[in-house]
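To start, the structure itself, in structure tokens.
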Amino acid sequence: SGADERTRDIWARAGVLVNELARPALVLNLPTFVGMRAVPWLAGEPHYLSLRWLLRAMPPWAVAGRTIFVCENPNLLAIAAEQLGARCAPLVCTDGMPAAAQRTLLQQLQQSGAHLHYHGDFDWAGLRIANHVLYQAGASPWRMGATDYEAAAGSAASAPHVLTGREAQATWDSQLASTMRRYGLAIAEEAVAEALIDDLSAG
Numbered sequence: 015s016g017a018d019e020r021t022r023d024i025w026a027r028a029g030v031l032v033n034e035l036a037r038p039a040l041v042l043n044l045p046t047f048v049g050m051r052a053v054p055w056l057a058g059e060p061h062y063l064s065l066r067w068l069l070r071a072m073p074p075w076a077v078a079g080r081t082i083f084v085c086e087n088p089n090l091l092a093i094a095a096e097q098l099g100a101r102c103a104p105l106v107c108t109d110g111m112p113a114a115a116q117r118t119l120l121q122q123l124q125q126s127g128a129h130l131h132y133h134g135d136f137d138w139a140g141l142r143i144a145n146h147v148l149y150q151a152g153a154s155p156w157r158m159g160a161t162d163y164e165a166a167a168g169s170a171a172s173a174p175h176v177l178t179g180r181e182a183q184a185t186w187d188s189q190l191a192s193t194m195r196r197y198g199l200a201i202a203e204e205a206v207a208e209a210l211i212d213d214l215s216a217g
């Protein structure tokens, strides 16, 4: 729960790790320094990084000035690993609302000079998660504008679901929520995987 995560963060700042192996961060091709060389972490293979490891190892991320893509759903990272493997741009997954491990990793990457670009689901919960990631991690939106939603609504690879739940506003695009309301469709991240994979192959 959110309260559990806040408690975990407070204890972590005090040097005490609570449930330190829960909800590890999923990554693909995240570069770290080995000596003076930048080497992708387990190139081509998805890998989980625990909060315990992130805080104790303080890995030397080789990301200064680099674009690091961030997605919401593990399925997208799995698709990227399958289609691109070691050719995929560095990718981090929040697995929904970021937990302690994901927040710690994103903070480490930001402090190491990375340019974070985030994409998530086009639904109300997805907008709340995106608002959080953009604010807390200093990320930029990645294909998350009203025009991106309209294009996705017209060409999604799988059938969209009806948009339900409590409405949210997108802090980065004042037109996105009203556009989503007009179409009334929730579009999962995986439904627009083709365009995202194109970016990851070029990044």
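For the sequence shown, my numbering gives the first residue as 15, with consecutive numbering after it. Backbone N, C-alpha and C define an ideal beta-carbon position, used for all residues, glycine too. All values reported here derive from a predicted model rather than from experimental measurement.
Item, Value
"C-beta atoms of Thr-185 and Leu-148 nearer than 9 Å", "yes"
"Straight-line Cα distance separating Ala-166 from Ile-201", "7 Å"
"Proximity of Met-158 and Asp-187 at Cβ, strictly below 9 Å", "yes"
"Proximity below 9 Å, CB of Ala-114 to CB of Trp-75", "no"
"Selected residue, minimal CA-CA separation from Glu-86, among Ala-95, Pro-112 and Tyr-197", "Pro-112"
"Own chain residues within Cβ distance below 7 Å of Leu-91, not counting five before or after", "Leu-40, Leu-42, Pro-60, Cys-85, Leu-105 and Cys-107"
"Ile-201 - partner residues in DSSP beta bridges", "Phe-136"
"Residue environment, Tyr-163, which counts as buried when at least 16 other CB atoms sit within 10 Å", "buried"
"Ala-151 versus Arg-196: straight-line alpha-carbon distance, rounded", "30 Å"
"Boundaries of the beta strand (DSSP E) in which Thr-81 is found, first to last residue", "81-85"
"Under 9 Å between C-beta atoms of Pro-38 and Leu-65", "yes"
"One or two residues paired with Ser-154 in a DSSP bridge", "His-131"
"Whole-angstrom distance between Ser-192 and Leu-130, CA atom to CA atom", "26 Å"
"Endpoints, the beta strand (DSSP E) within which Leu-42 is located", "39-42"
"Nearest residue (CA-CA) to Leu-119, options His-146, Gln-97, Met-72 and Gly-134", "Met-72"
"Cβ-based burial, Gln-189 [other Cβ within 10 Å; buried from 16]", "exposed"
"Delimiting residues of the alpha helix (DSSP H) encompassing Leu-68", "65-71"
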